[in-house]
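Input: a single structure, listed below in structure tokens.
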Amino acid sequence: MNRDANAESRVTGPDTSVLIVVAEWLSGIFMAPMSSQQVMQAGTRAGQEALRWMGEQLEVSAAAEALCRSLGQDDVEKLAVHLQRRYTALFEGIFRHRAVLPYESAWQGSERPALGGESVVEMKAVLRALDRHVSNDCCEPPDHLAIELAALSAALHEGQYTIAADLLHRLQGWVPAFTEALFRQDPDGFYAGAGKLLLALIREASAALMVEQPAAAFVLEQREGEFA
8 MNRDANAESR VTGPDTSVLI VVAEWLSGIF MAPMSSQQVM QAGTRAGQEA LRWMGEQLEV
68 SAAAEALCRS LGQDDVEKLA VHLQRRYTAL FEGIFRHRAV LPYESAWQGS ERPALGGESV
128 VEMKAVLRAL DRHVSNDCCE PPDHLAIELA ALSAALHEGQ YTIAADLLHR LQGWVPAFTE
188 ALFRQDPDGF YAGAGKLLLA LIREASAALM VEQPAAAFVL EQREGEFA
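Just so we're aligned, residue 8 is where the sequence shown starts under the numbering used here, counting upward by one.
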């Protein structure tokens with residue numbers, strides 16, 4: 008797929024950089040359990056300032072502050088083990104009745120949705136359009152939340168606004184149900200806070216494209232009309 012005709016007139020100013028940074032940060036958070044090193048870095052003054060900045064830019068300062076408190080504990084190793092256990096319990100399906108699976112295909116509307124299928128095929132096409140692929144050492148399918156967020160970051164960074172709009176439409180279709188389940192299973196927890204940041208990212212990115220890029224706005228408006 009060629010780049011959009013208006014790719015050179017990119018969205019300018021801090022908004023785009025915020026969207027890219029937050030998408031990349033959330034992609035890393037949802038991709039795998041945090042290592043002790045990652046927990047330590049996130050808990051430093053610089054790491055917490057970055058989180059607060061993201062929260063302020065997306066108008067979810069309270070959620071960012073809660074994340075900072077979660078990461079501000081003195082015992083890094085103990086906190087890392089706690090977060091790793093929470094990640095496993097929530098996202099890897101160890102306890103099926105409490106799992107919040109981070110795959111688009113898990114939230115397709117049926118009572119017993121099957122993982123894989125159409126959303127995987129579609130995301131493979133999106134990645135090809137971005138000249139990207141899932142790395143060989145990653146065992147996750149391309150409709151994993153972290154991969155969709157990484158694709159969104161890449162599309163925004165490269166000025167591929169029609170692709171970005173399509174990805175936002177995909178995320179709008181399943182992330183609200185995903186985060187609602189996440190809030191139930193991890194109330195006041197670290198990943199619930201990340202879920203609030205995720206919803207804010209989707210909201211602000213959609214608004215930015217609607218205002219700044221007419222072609223992408225048309226895609227978003229058209230898709231919303233199809234599902235009204």
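From the three backbone atoms N, C-alpha and C, an ideal C-beta is built for every residue, glycine too.
These numbers come from a predicted model, not from an experiment.
Exposure label - K85; buried when at least 16 CB within 10 Å
exposed
Grouping DSSP H, G and I as helix and E and B as strand, with all else coil, what is H176?
Helix, per DSSP.
Do G166 and T1 have their beta-carbon atoms positioned less than 8 Å apart in this structure?
Here the chain has residues from 8 to 235 only, and residue 1 is not among them.
Cβ-Cβ separation, A70 to G62 (assumed contact under 8 Å), whole Å:
Their Cβ separation, rounded to whole angstroms, is 6 Å, which keeps G62 and A70 in contact under 8 Å.
Do you know offhand how far A73's Cα is from H89's?
16 Å
Buried or exposed (CB count within 10 angstroms, at least 16 for buried), A1:
Outside the shown range of the chain, which is 8 to 235, sits residue 1, and nothing can be said about it.
Please classify P257: is it buried, with 16 or more other beta-carbons within 10 angstroms of its beta-carbon, or exposed?
The requested residue 257 does not occur in the structure, where the chain is confined to residues 8 to 235.
Could you check if G100 belongs to the surroundings of the ligand HEM, using beta carbon to heavy atom distance under 7 Å?
For the structure depicted, the ligand HEM is absent and the ligand set is empty, with no information on it obtainable.
If you run the structure through DSSP and keep just helix, strand and coil, what is H140?
coil
Of the listed residues E155, L216, R191, S77, nearest to L97 (C-alpha basis):
R191
Supposed contact pair L189 and V107 - C-beta distance, whole angstroms, cut 8 Å:
About 5 Å; that satisfies the 8 Å criterion.
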